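**Q** Just passing along the structure, written as structure tokens.
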Amino acid sequence: MDTLINLSYIVSAILFIFGIKMLGSADTARRGNLISAGGILLAVVVTLVAAGLDYRFIAAGLFLGGGIGFVLAKRVQMTGMPELVALFNGFGGLASLLVGWAEYQSLFAGTSASESPKFTAAVIFIAVFIGSVTFTGSLVAFAKLSGKTKLLPPVLGAQKLINLVLGLVTLGLGVAFVFFANNGLGYTAFVFFLAIALVLGVFGTNPIGGGDMPVVIALLNSCSGLAAAAAGFVIVNNVLIVAGCLVGASGFILTIIMCKAMNRSLANVLFGSFGAATGSTGAEVEGEMKAVSVQDAYYVLESAQNVVFVPGYGMAVAQAQHVVKELGAILEDNGAEVAFAIHPVAGRMPGHMNVLLAEADVPYEQLREMDDVNAIMPTVDVAIVIGANDVVNPSAADDPTSPIYGMPIINVHEAKTVFALKRGQGAGFSGLVNTLFFRENTRMIYGDAKATISGLVAEFDN
Amino acid sequence: MDTLINLSYIVSAILFIFGIKMLGSADTARRGNLISAGGILLAVVVTLVAAGLDYRFIAAGLFLGGGIGFVLAKRVQMTGMPELVALFNGFGGLASLLVGWAEYQSLFAGTSASESPKFTAAVIFIAVFIGSVTFTGSLVAFAKLSGKTKLLPPVLGAQKLINLVLGLVTLGLGVAFVFFANNGLGYTAFVFFLAIALVLGVFGTNPIGGGDMPVVIALLNSCSGLAAAAAGFVIVNNVLIVAGCLVGASGFILTIIMCKAMNRSLANVLFGSFGAATGSTGAEVEGEMKAVSVQDAYYVLESAQNVVFVPGYGMAVAQAQHVVKELGAILEDNGAEVAFAIHPVAGRMPGHMNVLLAEADVPYEQLREMDDVNAIMPTVDVAIVIGANDVVNPSAADDPTSPIYGMPIINVHEAKTVFALKRGQGAGFSGLVNTLFFRENTRMIYGDAKATISGLVAEFDN
Amino acid sequence: MELILLLFIFTLAAFLGFELISKVPSQLHTPLMSGSNAISGITIVGAILALKFEAGIFVQILGFLALVLATINVVGGYLVTDRMLAMFKKKGG
Amino acid sequence: MELILLLFIFTLAAFLGFELISKVPSQLHTPLMSGSNAISGITIVGAILALKFEAGIFVQILGFLALVLATINVVGGYLVTDRMLAMFKKKGG
Amino acid sequence: ILFAAKETDPRETRAALIPDTVKKLTELGCEVHVESGIGAKSDFPDEVYKEAGAKVALDASGVNEADIVLRIRKPTEAGLGKLKKGAIHISFLDPFNEPDLLRAAAAAEVTAISLEMIPRTTLAQKMDALSSQANLAGYAAVISAASRMNKIFPMMMTPAGTISPSKVFIIGIGVAGLQAIATAKRLGARVTAFDVRPEALEQAESLGAKALRIDLGETSGTDQGYAKELTPEQLEKQRLAQGKVCAQSDLVITTAKVFGRKPPVLVKSDVVEQMQPGSVIVDMAAEGGGNVEGTIADQEITTENGVCIIGDTNLEGAVPTHASQVLSANFGNMIEHFWDEEAKTFKLDLEDEILKGCVLTHGGAIVHERFKD
Amino acid sequence: ILFAAKETDPRETRAALIPDTVKKLTELGCEVHVESGIGAKSDFPDEVYKEAGAKVALDASGVNEADIVLRIRKPTEAGLGKLKKGAIHISFLDPFNEPDLLRAAAAAEVTAISLEMIPRTTLAQKMDALSSQANLAGYAAVISAASRMNKIFPMMMTPAGTISPSKVFIIGIGVAGLQAIATAKRLGARVTAFDVRPEALEQAESLGAKALRIDLGETSGTDQGYAKELTPEQLEKQRLAQGKVCAQSDLVITTAKVFGRKPPVLVKSDVVEQMQPGSVIVDMAAEGGGNVEGTIADQEITTENGVCIIGDTNLEGAVPTHASQVLSANFGNMIEHFWDEEAKTFKLDLEDEILKGCVLTHGGAIVHERFKD
Ligand SMILES: NC(=O)c1ccc[n+]([C@@H]2O[C@H](COP(=O)([O-])OP(=O)(O)OC[C@H]3O[C@@H](n4cnc5c(N)ncnc54)[C@H](OP(=O)(O)O)[C@@H]3O)[C@@H](O)[C@H]2O)c1
Ligand SMILES: NC(=O)c1ccc[n+]([C@@H]2O[C@H](COP(=O)([O-])OP(=O)(O)OC[C@H]3O[C@@H](n4cnc5c(N)ncnc54)[C@H](OP(=O)(O)O)[C@@H]3O)[C@@H](O)[C@H]2O)c1
Ligand SMILES: NC(=O)c1ccc[n+]([C@@H]2O[C@H](COP(=O)([O-])OP(=O)(O)OC[C@H]3O[C@@H](n4cnc5c(N)ncnc54)[C@H](O)[C@@H]3O)[C@@H](O)[C@H]2O)c1
Ligand SMILES: NC(=O)c1ccc[n+]([C@@H]2O[C@H](COP(=O)([O-])OP(=O)(O)OC[C@H]3O[C@@H](n4cnc5c(N)ncnc54)[C@H](O)[C@@H]3O)[C@@H](O)[C@H]2O)c1
């Protein structure tokens, strides 16, 4: 019997592995989700069959939980999904916490024997601690995402320091708990570190900006996996360990990937308070140049209906015309309308862009003059500025103090999104700062234009 | 103590994981090898320290084995390495076999108790069986690679059938062994299946051609890993299980990858007798046109050192010049030498290819005239024929009855591999059948040339 | 010994988790997160087992709560993920 | 229970093995094969442990032979791999 | 002895033989004489010929002792009469229009090989002078048109407004037409092209031109790749359909020839009158009367409405260095192909597919099927 | 009243104003008169001007009543004297070499605007006639060289052997040089280019040319993008380093100018002598004396060793339609830029950056910093 249960656990672990693997690729994601759900179902059924338990409670619990989950999941608006995930995640953390607690109570009550009590106490501590942080952290994330920020406490001045101290205190309490798990001291320690961990979850998440919440949720998700694994160690259950650990590890990698896609480091997200600053002010500051990865640019382009390329001297330097033409063709195949907007002074000689684009065989029909393209600019989804600078500098239109004030430009800043491809912070021929790059709707893609465009083409090819 | 050992085993398992991972990438391969060696060292040291054994024997064994291994590894010529690996692999298999056997003897003699004798007997069977096949199979591979084919028995007529029967017999003996492990019947079964398994290793490997030996060795390597894992189950040792299984799985994947790189399926390698046939007959058959997928072509191209493109009218029709240039650049980055061989009458007007390649900015330095390129053709790894037909028709050189007999052609058929890109079975301008497409070393990639080349570029971008 | 083996399992699972996720297109980030979050609802098994301990009403309550919450996590998590992915499919097709 | 856990470990290791090797450049095929072959010499541990069984001279001999062979495999395997890779480095650099 | 004569026509700028080929031929064991000054107009001085191994003869008298005579333009009847009996004379002969010349060659017992008649097989392409010259003529046609046009070819979007690309229309997509397409495309023009052979349209597209498709009914070419003559109705249909394109074009290049016949008139005066002042027409079929009404061979005329019609019949002569190079290579390839290594002579195997096509007279008679009286 | 005069120099083919610009100006509220026949050589007939809203004057006398006078080449001193006082006269003026003309303009109380002196700022580019003309001149230089060369530009691997691409060397990578590079590259030539300004080399590479890098020490340009004059040592170094490239080239195009100075002599006779017969040199700096020793302005000479040196000073005149189009657009943009919508006049704000640069005389005096006596 035991063997059978464990073999089933192995099977459900395998299902989880396949599930996660398949979730990572668009074609198989949905099937992967089903498969991993099957894994859980198997584990639950086997566990139920095996354990001669009080079914009333269990059935009630399952119905209640399943019902709530079902309703929540079905009724949520598409836009509300991220916060719902945060909420679910919090529940998962709380469940692990409770399992740990329950086990502690049993242990404390002496009903369950453990091979090595210190080890068990240690894993209980870990399960409860991580579970608590996950729980309250997720709740904060939920509140932030659903705009209920009023409910949250203000960020304290020396938040980081406080968090550090609290963390150390918890650790100390944990050690105490491990050593005195069987007596009252342990209980006191337990209650205290539980409380502090809950607070820590709030404090740790609170300063992080709303824009960074997805990353935080991914991290907390990873934590809830670890909490489950720790719970598994507590009750000596291998499927909990494997599933929890898989989630913990893959969730962590996912967190890293997400940070990368935002061009940030994890530390920056967690402690930089960056997202909060932009999230809270909302006003349009001179701001900073926001970079974006090729991959993320791909996702935007993939859904764009109307794309305008604005080539400049940088395209010539990078000799990117051939790949640009290819990207254009791919976008057209993808259903987008594609045009090339040629500013009269783009490049370094009259007709510079024409020479290059003709070489790359861009059809003349796709070349648009400045005035024609400006007329439709507000309807353009994405304007891709390829190594152009002066010819898309809004100062020429906005800023009477600019030396190029009065020069007509291609109004890419009126497009919904602007991707500006440059190698770095280099200025154009006129040496001016270009305010375009600081605009809300502009994203920089740094790197040699040819490499960047090739990267985009490769993304489409995948 | 036991805990410590097992913790060390976990560490050495981790070292193996890192080792294998790092072996898969050129930058880290050497370090990876060291790390995995560290893993083994750790495991051995810990085992030695833990087991209160007869040190004399062990020391003698280690010295003897280590010495032999050292000398062999240091003295072998670079060219002899593959066969040496085969030999080592055989030793590994034999060792697993022996461990299984020794355990069986102990079990048989009743000195070692086992939790579940049937299970143990089963894993002993597996360890011995796989170990034997690995051992003799590796020896055959070694003999083939070092040219000592005279030592090998001839391939029998109905070899496949015989092998199948032998395999089934072994299986039957195995079952018998499992059920009667404790008595004389079991012993008889053991001796017999051991003998048959050894024979099977020879018979299975013998018909496979020398050219395919690397794949066979990779597969046998995977087997020896599995044998080690099985031995691990026999002696209930987790580091054996993990390391063996890692090797088994990664070796298997490696085998698949190697087959792909040779444009073959594993079944084809094992049962196709393809490598052997070419080795023995050498004669040239009309044969059929063998198609290959873009992905498989990628594996071949990836490892090519010397690539020649042969464009023809089809490149012009497909307007593939831009992507062709890009593929050329990628191959160069990949370390290959790239040239474009222009036949004087390629295309439909004098200089047709020049116009297109100039448009795509292929440097003049890469353009080669027919005579120059023919001189180096035998050293070319891959010749990519892009919609050319008449200008690479070997009939012009071979077949005096051909209307184009006497026309100089680009001798792509002398290259190691030829990829011919065409849409279908269409003939060229002269309307002749092209025997090139039926050659042993030619693979067709059907489809519009531009799409095909774009596909290859995408593969490289991944 | 058993704990050691569990630790072993833990280690291997961790590596496997790292290796499994390599290149995830960013539109899959959220579903993947949500889907693996649902997996972490495996604590449901722990909750069920916790209910077993006839260790008093308090433990029972804790266990019951854990069960409910974990179930919400599992059921809700899978359903939401599925909805996300369904939407995604439609856009692609 | 222990065997089950071992089986669990085996399964996870198998998956891990599959995931670890994904896209290997072809010039690394042989070193990788050779290097992982050396790892399979881990039977050396089995051989050592086999020597423990004081089960008669025959078993001892088997164990000893296994030990020698496994050691050859391990030592030779790592050294050969290292030589290959050293050569490779030189060519690259 | 092989003798390469200097061209007598003062407008001819090409040389039948260049030093590179001289070298190749002497290596084959052939004695090569060239007339002094043969390469003067194509930038090959006499000294270079000498260095390559040729004897430089001061005048053309040596031609009468030669076994093989090479020249570009057709010889005079008198000249043929003076040749050694049995000599091989290779040149353009214009056999469809010069029956007398053929008869003279036969009478002189000269083996006359006509470059025009070399079959258009893949094998013979290396000797095909018609192709090699037409190719360069196609390039030269575009360059000479460009230098006469008041507009530039490429599109330019400049601070001073956009210059739209010139529209070029190419009629007849043979060898010359294709190269003209390629050259005009290179310069950035918008190129449209038309031919009666449908496969030629695909070829034009392979060079990035727009193909004008007109449904003319059955129009297949010969197996040599030459076009068949159209019926008058088909011609009328074609003219009508292409008229509008012509009228809007800045440059029209016509290359339509029908092998052995007079070229069809494809652009009539009414279409020329509709063209913009400053437009240019290059009629590459001018030699046989032209594809354009009003073309005068070897002249450049400007119509009343300011359209310039170029009737240059020797366009390849504008790039004599390279034209001579490829022509000379054609000669060299032909001699090499039929060279008898042992006897060191030109092996006249009249059963050979290629020679059967291009040897017109031999042993005192006209031997070519098509020109036998 | 704006008056656009027909050019008096018979070699001039361009028109100062074309119908498109006339239309634009009349829409601004400006009365436009043009001299009859102004567009005859650039394919713009008088009727089209009329249709566009211009008065076509039969002779040039109307110029004396005009408020704004447009022409291309510099006026005569006498002509200036007859203009209305306070009239604005826009044209090329060659102010560095024509101090007398400036004085005459000042004396006539004419506001003379020099097209040469328009500053090279991004804002003023739309009026920059120097650039717009140099651009077309670069194209025309290559085309006219191509039509004179005995070789073709592109590489061709043909059945009759391989024709190697022509080698083109461009000295001076300004506006004209860049367009010359682009055009030669388009035609398939192998292009090498040199300039003293390092950023220009990068620009050449951006068009696919090979940049010749010579270490000359400090050589930065002015902030207007013009090059500074080299020291004699630097010049010598440059000549030495580029000599070999020159000698191997089939075509050399020199465009090196130094703003306000005589162009440097960059190719001496010894280098020209090393070039192959049939090679061509286009000296685009011929007007000021040329970059090549032996250049004669507006003539085409052939040296003893057969090198053709083209000293055409009006290359853009070879494509008059488009040259007039962009020039006229420059005039139009300038007038539009400074047009006073209310008063319907040209607003002469001498504090304006652009006008400060290009207005030379005003209110009876020379006002430009650089030319004040
Ligand atoms: N058209 C003409 O006739 C002519 C003649 C002379 C001057 N100009 C002047 O030139 C300017 C033209 O404007 P523009 O917008 O075309 O160019 P631009 O303003 O000069 O800007 C070029 C931009 O390209 C980027 N870049 C350079 N190399 C790159 C590479 N390999 N990959 C990606 N980005 C690269 C540079 O930024 P990073 O360094 O950060 O990469 C730079 O900001 C105008 O000011 C115009 O007045 C024009
Ligand atoms: N160079 C000259 O001046 C000249 C002039 C006239 C004639 N020719 C003759 O033309 C021939 C030239 O030989 P070649 O080898 O260049 O061409 P070819 O022999 O005509 O063969 C072209 C091949 O390209 C394939 N193809 C067509 N479109 C394609 C596409 N989109 N993608 C992939 N493949 C495509 C066709 O096969 P599928 O249909 O199966 O795809 C065909 O087999 C010679 O026989 C020569 O004599 C040359
Ligand atoms: N086998 C070979 O290798 C080889 C060698 C050289 C040429 N060719 C082929 O031969 C063909 C013709 O060569 P060419 O250039 O000497 O031909 P050509 O000079 O005889 O004629 C020029 C073109 O005019 C076209 N034409 C005829 N009547 C027309 C009409 N009414 N309207 C429009 N176009 C008309 C013809 O189709 C031809 O394409 C080409 O397709 C070429 O590819 C083949
Ligand atoms: N701001 C603008 O928008 C704008 C407008 C037009 C031109 N420009 C820039 O101004 C620069 C010069 O323009 P131009 O063509 O009128 O210049 P130019 O006609 O005065 O000179 C031509 C070229 O000759 C070069 N030269 C000078 N001495 C040389 C020597 N000894 N050897 C080799 N080369 C030498 C110069 O560097 C210049 O590139 C260009 O870089 C152009 O991009 C800028």
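Protein chains in written order, with my numbering: chain A, 1 to 462; chain B, 1 to 462; chain C, 1 to 93; chain D, 1 to 93; chain E, 1 to 373; chain F, 1 to 373.
Just so it is clear, CB atoms sit at the ideal spot from N, CA and C, and this is done for glycine as well.
In this text the structure is predicted, and so the values were computed from the model without any measurement.
Taking the beta carbon of residue 296/F as the centre, do at least 16 other beta carbons fall within 10 Å, making it buried, or is it exposed?
**A** Result: exposed.
**Q** Rounded to whole angstroms, what's the CA-CA distance from residue 79/E to residue 301/E? Just pull it up for me.
**A** A straight line joining the alpha-carbon of residue 79/E with that of residue 301/E spans about 34 angstroms.
**Q** Could you name each continuous alpha helix (DSSP H) segment of 4 residues or more that falls completely within the region 13-77 of chain B, going from the start of the chain to the end?
**A** Runs found: 29-50, 55-75.
**Q** For residue 269/B versus residue 204/B, is the C-beta distance shorter than 8 angstroms?
**A** no
**Q** Within the continuous beta strand (DSSP E) that includes residue 194/F, where are the two ends?
**A** 190-194
**Q** CB-CB under 7 angstroms to residue 306/B, same chain, minus the five flanking residues each way: which ones, in chain order?
**A** 336, 337, 379, 380, 381
**Q** Residues of chain B with a CB under 8 angstroms from the CB of residue 155/F: which are they?
**A** 351, 354, 358, 364, 367
**Q** Is it true that the region 214-233 of chain B meets the region 182-193 of chain B, where meeting means three or more beta-carbon pairs spaced less than 8 angstroms apart?
**A** no
**Q** Decide if residue 36/A is buried, meaning its Cβ has at least 16 other Cβ atoms within 10 Å, or exposed.
**A** buried
**Q** Indicate whether at least one CB of chain B lies closer than 8 angstroms to the CB of residue 159/F.
**A** yes
**Q** Taking the straight line between their C-alpha atoms, what separation do you get for residue 21/B and residue 248/A?
**A** 20 angstroms
**Q** So who's on the other strand from residue 91/E, going by DSSP bridges?
**A** 114/E
**Q** Just checking residue 154/E against ligand 3 - is the residue's beta carbon closer than 7 angstroms to any of the ligand's heavy atoms?
**A** no
**Q** Could you check where the beta strand (DSSP E) with residue 156/F kicks off and where it finishes?
**A** 156-158
**Q** On the DSSP bridge list, what partners appear for residue 444/A?
**A** 291/A, 420/A
**Q** Indicate whether at least one CB of chain A lies closer than 8 angstroms to the CB of residue 285/F.
**A** no
**Q** Starting from the N-terminal end, write out each residue whose C-beta falls within a distance shorter than 5 angstroms of any non-hydrogen atom of ligand 1.
**A** Environment of ligand 1, chain-ordered: 312/A, 313/A, 314/A, 317/A, 318/A, 345/A, 346/A, 347/A, 348/A, 349/A, 350/A, 387/A, 388/A, 389/A, 390/A, 391/A, 422/A, 423/A, 424/A, 426/A, 428/A, 429/A, 430/A, 448/A, 449/A, 122/F, taking every residue with Cβ within less than 5 angstroms of a heavy atom.
**Q** List the whole-angstrom C-beta distance separating residue 107/B from residue 298/B, where the pair is believed to meet the contact cut-off of C-beta under 8 angstroms.
**A** Taking C-beta atoms under 8 angstroms as the contact rule, residue 107/B and residue 298/B fail to qualify, at a distance of about 50 angstroms.
**Q** How would you call residue 78/C, buried or exposed, if buried means at least 16 neighbouring beta carbons within 10 angstroms?
**A** buried
**Q** Beta carbons nearer than 8 angstroms to chain F: which residues of the region 423-434 of chain A have them?
**A** 429, 430
**Q** I'd like the ranges of any alpha helix (DSSP H) spanning at least 4 consecutive residues and lying wholly in the region 135-188 of chain B.
**A** 159-179
**Q** Count the C-beta pairs between the region 206-213 of chain E and the region 225-237 of chain E that are closer than 8 angstroms, then say yes if the count reaches three, no if not.
**A** Fewer than three pairs of CB atoms, one per stretch, sit closer than 8 angstroms, so the region 206-213 of chain E makes no contact with the region 225-237 of chain E.
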